[in-house]
Structures are given as C-alpha cells and as structure tokens.
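J.: Residue numbers (our numbering): 704 to 835.
We put the beta carbon where it would ideally sit given N, CA and C, even for glycine.
Next up is a structure, given as structure tokens.
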C-alpha cells in the first residue's frame with residue numbers, strides 16, 4: 704500500500720499547492736475585487752494592513768495556483784498567515800479552537816511546508832526551471 708501512495712505523492716503535492724493557492728486567492732479577491740462581496744471588506748483601504756494582506760493573498764495565491772516562484776510565494780504567505788494569527792486571533796485566546804484562528808494556523812503550516820517541498824511536478828517552476 705505504501706508503494707501505491709508513494710507513487711502519487713508528487714502529484715498530490717501539486718494538488719495541495721493548487722488548492723491552497725485557490726483558497727488563499729479567494730481571500731484576496733474578496734478584499735480587493737469585491738468578489739464574493741463581503742460587507743466587512745466594503746470600505747477597505749488598499750494601504751491598510753488588511754489591504755496589504757489582500758495583495759499578498761491575491762498575488763501569492765495566484766502564484767501558488769500556477770506553481771510559479773512557489774517557494775518564495777509560500778514563504779511570504781506563511782509569514783502573512785502567521786502575522787494574521789498572532790495579531791488577530793491570539794490576542795483573544797491563544798488556543799485556535801477558542802479564537803477562531805484554525806484556518807490561519809493551518810494555512811501558515813501548509814505554506815511553510817511548501818517552502819521546503821516546492822511546487823511539485825505539475826507547476827510552472829518545474830517546466831521553466833528544471834530542464835531534466
């Protein structure tokens with residue numbers, strides 16, 4: 704059974720990168736493009752901390768979706784989600800289940816993993832930078 708799953712590991716890594724990028728990108732589209740429209744982002748200032756987070760989410764999420772500059776995009780996204788956790792959620796209570804920060808904490812570690820794992824075989828990084 705290990706051999707069967709091991710064979711698919713690189714492809715599933717690319718799937719994890721793709722889906723986590725899409726999930727991150729939707730936060731950016733909601734903040735910056737108003738899609739989907741969320742009342743809490745209606746009067747968002749682009750230069751605010753939430754606006755800058757939206758830029759990172761939109762651009763970084765897009766880079767992760769296509770697998771371009773994956774390690775750099777994941778590093779920045781991991782840091783941004785760590786900041787989100789410690790500035791927004793942790794002051795309420797350190798425990799993620801109590802403070803509603805499970806998503807920020809999980810994103811942080813998924814993106815941190817991608818810094819080390821890379822984008823996988825189905826990525827522009829692989830197509831452009833790996834000639835083998």
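1) Excluding sequence positions up to five away, which residues of its chain have a Cβ less than 7 Å from the Cβ of residue 739?
2) For residue 716, which three-state DSSP category applies?
3) Kindly indicate the opening and closing residues of the alpha helix (DSSP H) around residue 831.
4) Any beta carbon of chain C sitting closer than 8 Å to that of residue 713?
5) In the DSSP assignment, find the alpha helix (DSSP H) that holds residue 799 and state where it starts and stops.
6) Hey, would you say residue 771 sits closer than 8 Å to residue 827, going by beta carbons?
T.: In this structure, then:
1) Excluding five sequence positions before and after residue 739, the CB atoms of its chain that fall closer than 7 Å to its own CB belong to 733, given in chain order.
2) In the three-state DSSP reduction, residue 716 falls in the helix class (H, G or I).
3) Counting along the chain, residue 831 sits inside the alpha helix (DSSP H) bounded by residues 827 to 832.
4) Looking at the structure shown, chain C is missing, and only one protein chain is on hand.
5) Unbroken alpha helix (DSSP H) run through residue 799: 799 to 802.
6) Cβ atoms of residue 771 and residue 827: closer than 8 Å.
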